[in-house]
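Let me begin by presenting the structure, written as structure tokens, before commenting on it.
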Amino acid sequence: MIGETGDSFAVLADIHGNADALRAVLADIDAQGITQVLNLGDLFSGPLAARETAEILMAREILTIRGNHDRYLLEQTPARMQPSDRVAFEQLEPEHLTWLQSLPATLRLTPDIFLCHGTPRDDTTYWMEHVPPSGVPNRRPLADIAAEAEGIDASLFLCGHTHIPRRLDIGGGRVIFNPGSVGCPGYDDDLPLYHVMETGTPAAAYGIVTRTAQGWKTSLAQVPYDPWRMVAMARAADREDWAGAIGTGWVGSLQPLTA
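1 is the number of the first residue of the sequence shown in the UniProt record's numbering; add one for each residue after it.
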């Protein structure tokens, strides 16, 4: 059972159609003998390999919830979709969307473990970060972070959405852990105002969690892989912003991207 003392499990988030990063992460997990994997959503959206990603995920027993971009694929018509969602939607077959529809938005896995994409109540809210008027994201005040967990007596909260790996302890043995993004290490967004989120590495990120007698042990794995097939897909879709982020980990590449 996931969460037993001494047993480790892996946590994925924000794959965004990067099938090659997903393969690298799953190979790394398998090499460590970890058999339990959780997935926090935003599976397909991006100018990459949504169909490949769907086939990989559906072939494995990975407990998965939906993210905000997964919801957009289900709720919006193609004409209303943003470009990244539309490219993914056009690749997906009806069976992929049916599987996506079957996934919950949040999940209390055990009495101690709660899964969400953004926060427990909103899949588009950054839990541990906020964007001030300067447009430079920073950590939210601790009181605001803790307030998002009110009414949920879990001790481990797993979230994604920001693509930035981070752990915060909010008192009473409670931990919030974001494993970072498997497939998209940087992006920019206009909401709530223009800002950039970037990790500065193209490595595929995921988390490893273990319950110990002292509390939750968390670690971040950053797996190098060859991103250039994904970079080429992004460029073929005329998305140089995605190509730069995937190839370098920075939004707006610091130097010309070459394989």
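All C-beta atoms, glycine included, are put in the ideal place defined by N, C-alpha and C.
Between VAL251 and TYR187, the C-beta spacing is below 9 Å. Where THR98 is concerned, there is no enclosing beta strand (DSSP E), although the alpha helix (DSSP H) around it starts and stops at 94-101. Looking at the DSSP output, TYR187 sits in a beta bridge with MET197. Nearest to VAL136 by C-alpha distance, out of LEU193, ASP144, ALA10 and PRO104, is LEU193.
In the structure shown, THR212 falls within a strand segment according to DSSP collapsed to helix, strand and coil. For ASN68, the enclosing alpha helix (DSSP H) starts and ends at 68-75. Distance from ALA13 to SER155 at the Cβ level is roughly 19 Å; contact not present, criterion being Cβ atoms closer than 8 Å. Runs of the alpha helix (DSSP H) lying entirely within the segment 213-239, each at least 4 residues long, are 228-236 in chain order.
Runs of the beta strand (DSSP E) lying entirely within the segment 104-162, each at least 3 residues long, are 107-110, 113-115 and 156-158 in chain order. Listed in chain order, the non-local C-beta contacts of ASN39 below 6 Å within the same chain comprise LEU12, ILE62 and THR64, local neighbours out to five positions each way being set aside. Shortest Cα-Cα distance from MET230 to any of THR201, VAL223, GLY183 and ILE208 involves GLY183. Here the segment 234-251 does not lie against the segment 50-58, with fewer than 3 beta-carbon pairs under 8 Å apart.
For GLY173, same chain residues with a beta-carbon under 7 Å away, outside a window of 5 residues either side, are SER155 and GLY215 in chain order. Judged by DSSP secondary structure, LEU57 falls within the alpha helix (DSSP H) whose first and last residues are 50-59. Its Cα nearest to that of MET128, the residue MET197 stands out among LEU100, MET197 and ILE208. Residues PHE44, SER45, MET81, ASP85, ALA88, PHE89, LEU92, LEU97 and LEU100 of the same chain have their beta carbon placed closer than 8 Å to that of LEU73, with the five preceding and five following residues left out of the count. Counting along the chain, ARG167 sits inside the beta strand (DSSP E) bounded by residues 166-169. The closest CA to that of ALA149, considering only HIS163, HIS130, HIS161 and ASP122, is found on ASP122. Assignment of SER84 by DSSP, reduced to helix, strand and coil, places it in the helix class. In the structure shown, LEU22 falls within a helical segment according to DSSP collapsed to helix, strand and coil.
Counting only residues of its own chain and dropping the five nearest sequence neighbours on each side, LEU115 has a CB closer than 7 Å to the CB of LEU38, LEU40, ILE65, THR106, LEU107, LEU109 and LEU158. With fewer than 16 other Cβ atoms inside 10 Å of its own Cβ, LEU191 counts as exposed. Secondary structure of THR64 (DSSP, three-state): strand.
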